[in-house]
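Residues in the sequence shown are numbered consecutively from 57, following my numbering.
Every residue, glycine too, gets a C-beta built ideally from N, C-alpha and C.
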Amino acid sequence: MNETPVSSNNNGAAANGAAANGALIRLQAVTKVYGTGIAAVEALKGIDLRIGQGEFVAIMGPSGSGKSTCMNILGCLDVPTAGTYFFQGRNVGRLTQDQRALLRREHLGFVFQGFNLLGRTSALENAELPLIYRGLPVKKRRVLAREALASVGLSGWETHTPAELSGGQQQRVAIARAIVTHPKVLLADEPTGNLDSERSREVMELLTALNRDRGITILMVTHEPDMAKYAARQVHFMDGLIDGRSTEGGA
Ligand SMILES: Nc1ncnc2c1ncn2[C@@H]1O[C@H](COP(=O)(O)OP(=O)(O)OP(=O)(O)O)[C@@H](O)[C@H]1O
Ligand SMILES: [Mg+2]
57 MNETPVSSNN
67 NGAAANGAAA
77 NGALIRLQAV
87 TKVYGTGIAA
97 VEALKGIDLR
107 IGQGEFVAIM
117 GPSGSGKSTC
127 MNILGCLDVP
137 TAGTYFFQGR
147 NVGRLTQDQR
157 ALLRREHLGF
167 VFQGFNLLGR
177 TSALENAELP
187 LIYRGLPVKK
197 RRVLAREALA
207 SVGLSGWETH
217 TPAELSGGQQ
227 QRVAIARAIV
237 THPKVLLADE
247 PTGNLDSERS
257 REVMELLTAL
267 NRDRGITILM
277 VTHEPDMAKY
287 AARQVHFMDG
297 LIDGRSTEGG
307 A
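Structure, rendered in structure tokens:
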């Protein structure tokens with residue numbers, strides 16, 4: 057993987073901080089190419105994006121425009137082919153794989169379209185999973201997982217498995233799992249894609265409350281304009297680039 061930083065400045069940390077200029081997240085000229093030769097697909101063609109602490113951003117655009125590719129980079133699940141990603145002023149491309157994994161565990165939470173819960177595993181155990189990776193003792197994990205389930209309105213549902221929960225409830229367990237570590241950023245890729253409109257509205261109201269009350273920065277991919285309206289800002293992808301329909305943010 058090419059993780060070469062763009063900056064050739066020796067004065068690493070200070071230069072990075074200045075480049076990020078206070079934004080929580082900053083992408084500079086980020087590209088992503090999948091495959092090689094004639095099979096190469098240029099999924100991102102030069103993304104510049106700044107996101108401030110506490111923003112709620114909807115990421116929109118047609119299928120194949122690069123939304124998930126960009127989310128994977130922001131989530132430290134993948135690295136750009138070229139360009140630079142700053143998180144809190146740190147150049148993510150200069151981190152080792154372990155440091156990136158740590159950044160992900162400490163600061164980022166993930167919610168997916170398909171919920172991605174473990175079947176035959178209770179809501180409580182699903183919600184506490186990220187804490188197991190952090191090595192927390194079981195009692196502490198249980199307390200925090202109960203709190204997280206309560207904050208998504210699922211007190212009393214701790215022992216239920218995914219099969220015993222509705223789609224909306226499963227997505228709320230997934231959100232509890234994402235916030236149990238108190239992340240700075242929640243990355244949600246089509247969180248309402250598998251839900252009916254009433255359940256979608258509940259999930260969006262929950263995300264809005266987490267953003268408003270806890271100051272969690274939320275980046276949410278959606279195809280639905282009605283869902284994007286919950287966000288204060290819209291970033292519109294088209295053919296691997298951010299286009300002019302995007303609205304400005306505070307960063
Ligand atoms: N792992 C991969 N290997 C090869 N090509 C990929 C890979 N992932 C994505 N692509 C290609 O990169 C482009 C952007 O894909 P991406 O998944 O980011 O789109 P998207 O905007 O999330 O689309 P959708 O709305 O359908 O989820 C597409 O042309 C896709 O086929
Ligand atoms: Mg996608």
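* Return yes when at least one heavy atom of ligand 2 lies under 6 angstroms from the C-beta of LYS123, else no. => The residue you call residue 123 lines up with position 67 of the sequence shown. Yes - ligand 2 has a heavy atom lying nearer than 6 angstroms to the Cβ of LYS123.
* **Residues near GLY165 in its chain [Cβ-Cβ closer than 6 angstroms; skip 5 each side]** => Position 109 of the sequence shown holds residue 165. So the list reads ALA234, ILE235, PRO239 and LEU242, once near-sequence residues are dropped.
* Asked: Which whole runs of the beta strand (DSSP E) in the segment 250-280 are 3 residues long or more, in chain order?
  -> 273-277
* Of all the options LEU275, GLY224, GLU258 and LEU80, which has the alpha carbon lying nearest to the alpha carbon of PHE112? -> Here the question's residue 112 lines up with position 56 in the sequence shown. Ranking the options by Cα distance to PHE112, first place goes to LEU275.
* Which class does ALA288 belong to by DSSP, given the choice of helix, strand or coil? -> As a working mapping, residue 288 is identified with position 232 in the sequence shown. In this structure, ALA288 counts as coil in the three-state DSSP scheme.
* Asked: Since ALA85 is in the beta strand (DSSP E), which residue starts that stretch and which ends it?
  -> Counting from one through the sequence shown, the residue named residue 85 turns up at place 29. That run of the beta strand (DSSP E) goes 81-90.
* To do: Output yes or no for whether 7 angstroms exceeds the beta carbon distance between ILE231 and VAL167.
  => The residue given as residue 231 occupies position 175 in the sequence shown. The residue given as residue 167 occupies position 111 in the sequence shown. Their beta carbons are under 7 angstroms apart, which means ILE231 touches VAL167 by this criterion.
* Which whole-angstrom value is the C-beta distance of GLN144 and LEU80, which I expect to be below 8 angstroms? -> For the purposes of this step, residue 144 is taken as residue 88 along the sequence shown, with counting starting at 1. For the purposes of this step, residue 80 is taken as residue 24 along the sequence shown, with counting starting at 1. Confirmed, Cβ separation roughly 6 angstroms.
* Per-residue DSSP class, three states only, for LYS101 -> Here the question's residue 101 lines up with position 45 in the sequence shown. In the three-state reduction of the DSSP assignment, LYS101 falls in the strand class.
* Skipping 5 residues on each side, what residues in its chain have a beta carbon closer than 6 angstroms to that of ARG228? -> For the purposes of this step, residue 228 is identified with residue 172 of the sequence shown, where counting begins at 1. Excluding residues within five positions, the ones whose Cβ falls inside 6 angstroms are VAL208 and LEU210.
* With distances taken from CA atoms, which of PRO186, ALA244, THR264 and VAL86 is nearest LYS101? -> Along the sequence shown, one-based indexing puts residue 101 at 45. For LYS101, the closest alpha carbon among the candidates PRO186, ALA244, THR264 and VAL86 is that of VAL86.
* Asked: What are the start and end residues of each continuous alpha helix (DSSP H) run of 4 or more residues lying completely inside the segment 108-168, in chain order?
  -> 123-130 and 153-163
* Asked: When you compare only the Cα positions, how much space is there between ARG150 and PHE142?
  -> If you number the sequence shown from 1, residue 150 lands on position 94. If you number the sequence shown from 1, residue 142 lands on position 86. Answer to the nearest angstrom: the Cα atoms are 10 angstroms apart.
* Asked: Whose C-alpha, out of ILE107, THR92, ARG156 and GLU98, is nearest the C-alpha of SER121?
  -> For the purposes of this step, residue 121 is taken as residue 65 along the sequence shown, with counting starting at 1. For SER121, the nearest C-alpha among the options comes from GLU98.
* Asked: Near ARG301, what residues of its chain come up, given a Cβ to Cβ distance below 6 angstroms and the 5 sequence neighbours on each side ignored?
  -> As a position in the sequence shown, residue 301 is number 245, starting the count at 1. Same-chain partners within the cutoff: HIS292.
* Is there at least one non-hydrogen atom of ligand 1 closer than 6 angstroms to the beta-carbon of GLY212? -> Start at 1 with the first residue of the sequence shown, and residue 212 comes out as number 156. Outside the cutoff, so no.
* With a 10 Å radius around its C-beta and 16 neighbouring C-beta atoms as the bar for buried, classify ARG197 as buried or exposed. => Taking the first residue of the sequence shown as position 1, residue 197 is located at position 141. Classification for ARG197: buried.
* Going by DSSP, name the residue or residues bridged to VAL208. => In the sequence shown, counting from the first residue as 1, residue 208 sits at position 152. Bridge partners of VAL208: none, in fact.
* To do: To the nearest angstrom, report how far apart VAL199 and GLY110 are at their CA atoms.
  => Along the sequence shown, one-based indexing puts residue 199 at 143. Along the sequence shown, one-based indexing puts residue 110 at 54. Rounded to whole angstroms, the separation of the alpha carbons of GLY110 and VAL199 is 26 angstroms.
* Based on Cα-Cα distance, which residue from THR273, ALA284, GLY271 and GLN225 lies nearest to ARG255? -> Numbered from 1 along the sequence shown, position 199 holds the residue referred to as residue 255. Nearest option by C-alpha distance: GLN225.
* To do: Measure the Cβ-Cβ separation of ALA284 and ALA114 and say whether it is below 7 angstroms.
  => Sequence index remark: in the sequence shown, residue 284 carries index 228 (1-based). Sequence index remark: in the sequence shown, residue 114 carries index 58 (1-based). Yes; because the gap between Cβ atoms is below 7 angstroms, this pair is in contact.
* To do: Tell me whether LEU242 sits in a helix, a strand or coil according to DSSP, three-state version.
  => For the purposes of this step, residue 242 is identified with residue 186 of the sequence shown, where counting begins at 1. Strand at LEU242.
* Rounded to whole angstroms, how far is the Cβ of ALA219 from the Cβ of GLY175, which I believe are closer than 8 angstroms? -> The residue you call residue 219 lines up with position 163 of the sequence shown. The residue you call residue 175 lines up with position 119 of the sequence shown. With a Cβ gap of about 7 angstroms, ALA219 and GLY175 count as contacting.
* Where ASP252 and GLY223 are concerned, what is the direct C-alpha to C-alpha distance, given to the nearest angstrom? -> Stepping through the sequence shown from its first residue, residue 252 is reached at position 196. Stepping through the sequence shown from its first residue, residue 223 is reached at position 167. Straight-line Cα distance between these residues: approximately 9 angstroms.
* Asked: So does GLY120 have its beta carbon nearer than 6 angstroms to some heavy atom of ligand 1?
  -> Counted from its first residue, the sequence shown places residue 120 at position 64. With a cut-off of 6 angstroms, the C-beta of GLY120 is classified as near ligand 1, since at least one heavy atom of the ligand falls inside that distance.
* With DSSP collapsed to three states, give me the class of LEU221. => Position 165 of the sequence shown, counting from 1, holds the residue named residue 221. Note: LEU221 maps to coil in three-state DSSP.
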